[in-house]
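Chains as they are written, first to last, in the working numbering: chain E, 7 to 380; chain P, 7 to 380.
Glycine is no exception: its CB is placed at the ideal position from the N, C-alpha and C atoms.
Computed from a predicted model, the values in this text were never measured in an experiment.
Some notes on the structure that comes next.
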């Protein structure tokens, strides 16, 4: 096997936690880790053009196999030069495999060993997604990192079903690995196994034996207690190879990011900053603000002093007005602000790791988050 | 009377048409004319932040008294530093008086000599707008140019009603003029009179006697034939003083702008580039494009070669995809493109006037517009 397209370089290990400061190298440039990837589901981070996404400090984004396969179709994206060219994002892109959407969004999903059949959430048409097809789509898209197709189950889940889904995830990962044809794309495997650490460890071991360029932890942040998530995460990460990047899928809140970084996670994606921003919730270093609240009606202050984002050129009163008047600019500005906040938090986390004071940084961040309204 | 806050300087008169190249001086900077003002109804040009508006080449924008008085209220805007500060636009702003919205948007409007009563289109509450109140609101907003309150009627209109509305518009203009208190704001009068050139001329003469710093032509582009509009416009403009800026309200299509410039109009506003942009219609120098059309599905070309707007970093296929997927970025990018196109057209018109070749420019523009789909 040739050298993988995507590699991770360790720059520093925090002395007091498992936090890692590193750099991800991809065919479309490098990414400082720990890193947060905004979600650009259908080839757009909702509400922001690519220059505005880059201005938030974002280096890498995520696209969705399931959505892009449905609309506009991966063949069209390939024909137009691939996802980078199609959406005008020249930095690294990771594409999810569709496994999570089969579970969360598709209708009447049926999983067989060969793959999944489901009905499109857009027009109800009957479609099939196999491990081979998930990779073929992602090769059409031309993302830097392609995720293997995994079998995601809801929690709580009957043990036999959970084990079955975990074992299928491993078999599907092997099929994905063996059908790869692009040397400029790396596949990351996904560890499943619910909240059962034994299943997680078995899954991890089998995937590590397949020697992927990177590993993701999937199936978490699906409604379980945060404490449960961290227990599973700690056990899983401990079994992952130190030299490979680690990606916690679909997580999450700022406090989750810092907790997971302390466990040794390098990469994140989540719709929270963008989706909540569109719904008038702002993240700041002193906590969250609900912009529709009357308390902001005549507040001349920005969301956060010193924040360089375009929302913070304005008063909270103006931002509230935009949401009350249902103006597009409200979601646009709050999306930019929340991503800028997330990327600033990541940068501060990286600096704290470099200075061997990540745990102090995390405690201080928690203290500050309690200043604003809940 | 002191020197007006807003003045217009003539730079050049086209030798072959009535087109004028000039510069509007305001307390918030100067504006090259002929100029197009994007509509920022409730303190936002829909979908664009102020930096994106400026990037289109826009120097001056329009806000709406009616909308801003309803939400968030002019007192709040004043308290937060005025409209410039509130929305973060440091360039010149013109505010419409609400006269047109009383006609087009408000419910159950009743016009009396004292003013208008109407029900809010937002919550049905009963409100009053008098000439004095329209000016007080605009002084709260702190716009550079305030429009007098006019009595707008639909066309066709019974002659007696049309004359009555015209005469009331003049009396209301005098009341607006005499209640002004801000020296950093100039009022523009509005010529009414429907399609009756005699009424238009009488209205113009009476308003000119009141010596306003600028004059608008209102009540046009409300469904009449373009030929009718130009006939009225020509007669009206001929009666306006040469030294004052002339503003054609609510117009319009690119061909209307060029026709009106040829008649000596200096300023325009219209929702067309922004509203049509949100609805997937793109203006280009070779005509309009409906981005939802299947023909654009796999078209790798930009809307217009060489256009510096953020939409033209992308293919028509990508823009179509955004509209088909109902993504916010579609309206955002097409708004930016259309305004960039309108401002480029205005710049080319100014250059053509300077070169005494405005008519040739206009003919060439018409020829090019016929290249694309209708």
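Under the criterion of beta carbons closer than 8 Å, residue 62 of chain E and residue 272 of chain E do not qualify as touching, at roughly 19 Å.
Interface annotation for the segment 69 to 97 of chain E against chain P: 77, 78, 82, 85, 86, 92, 93 and 94, criterion Cβ-Cβ distance under 7 Å.
Within chain E, no C-beta atom comes less than 7 Å from the C-beta of residue 65 of chain P; the nearest is roughly 19 Å away.
The criterion of a C-beta distance shorter than 8 Å is satisfied by residue 106 of chain P and residue 256 of chain P.
Under the 10 Å beta carbon count, residue 308 of chain E is surrounded by 16 or more other beta carbons and is classified as buried. Taking the Cα positions, residue 253 of chain P is about 23 Å away from residue 170 of chain P. From the beta-carbon of residue 316 of chain E, the residues of chain P found nearer than 7 Å are 55 and 57.
Listed along chain P are 94, each with a C-beta nearer than 7 Å to that of residue 320 of chain E. The count of Cβ pairs closer than 8 Å, one atom from the segment 284 to 293 of chain P and one from the segment 72 to 80 of chain P, stays below three, leaving the stretches out of contact. At a cut-off of 8 Å between beta-carbon atoms, residue 10 of chain E makes no contact with chain P. Uninterrupted alpha helix (DSSP H) stretches at least 4 residues long and entirely within the segment 104 to 182 of chain P occur at 105 to 110 and 137 to 147, given in chain order. Taking a 10 Å sphere around the C-beta of residue 145 of chain E, we find 16 or more other C-beta atoms and assign the residue as buried.
DSSP places residue 218 of chain E outside both helix and strand once states are collapsed to three, so it counts as coil.
8 Å or more divides the Cβ of residue 57 of chain P from the Cβ of residue 74 of chain P. DSSP, reduced to helix, strand and coil, places residue 191 of chain P outside both helices and strands of the structure shown, so it counts as coil. Taking the CA atoms as reference points, residue 276 of chain P sits about 6 Å from residue 45 of chain P. For residue 236 of chain E, no CB of chain P lies under 8 Å from its own CB, so it is not counted at the interface with that chain. The segment 247 to 315 of chain E is shown to contain whole beta strand (DSSP E) runs of 3 or more residues at 252 to 254, 273 to 275, 287 to 290 and 293 to 296, in chain order. In this model, residue 337 of chain P and residue 323 of chain P are separated by some 15 Å (Cα to Cα). In this structure, the beta-carbon distance from residue 201 of chain P to residue 230 of chain P falls below 8 Å.
Shown here, residue 199 of chain E sits in coil according to DSSP, grouped into three states, outside any helix or strand. Listed along the chain, the chain P residues whose CB falls inside 7 Å of the CB of residue 50 of chain E are 328, 333 and 335. Under the Cβ distance rule, residue 102 of chain P does not count among the residues neighbouring chain E, no pair being separated by less than 8 Å. If you draw a 10 Å sphere on the C-beta of residue 150 of chain E, you find 16 or more other C-beta atoms in it, and that means buried. If you compare the alpha carbons of E/173, E/19 and E/88 with that of residue 304 of chain P, the shortest gap goes to E/88. Of the residues assessed, residue 187 of chain E falls on the exposed side of the cut-off, its CB having fewer than 16 other CB atoms within 10 angstroms. Shown here, residue 30 of chain P sits in a strand according to DSSP, grouped into three states. Taking the C-beta atoms as reference points, residue 197 of chain E is found no nearer than 8 Å to residue 183 of chain E.
Counted as a single uninterrupted DSSP element, the beta strand (DSSP E) harbouring residue 39 of chain P occupies residues 35 to 39. The alpha helix (DSSP H) runs lying completely inside the segment 311 to 360 of chain E and spanning 4 residues or more are 322 to 330 and 335 to 360, given in chain order. When DSSP states are grouped into helix, strand and coil, residue 42 of chain E belongs to the strand group. A residue is called buried when at least 16 other Cβ atoms come within 10 angstroms of its Cβ; residue 193 of chain P meets this threshold and is buried.
The residues 17, 18, 356, 359 and 360, in chain order, have a CB closer than 6 Å to that of residue 27 of chain P in the same chain once the five nearest residues on each side in sequence are set aside. Secondary structure note for residue 13 of chain E: its beta strand (DSSP E) is the uninterrupted segment 13 to 19. Residues of chain E with a Cβ closer than 8 Å to the Cβ of residue 304 of chain P are, in chain order, 82, 85 and 86.
The alpha helix (DSSP H) runs of length 4 or more contained entirely in the segment 54 to 99 of chain P are, from start to end of the chain, 56 to 61, 71 to 76, 80 to 85 and 89 to 93.
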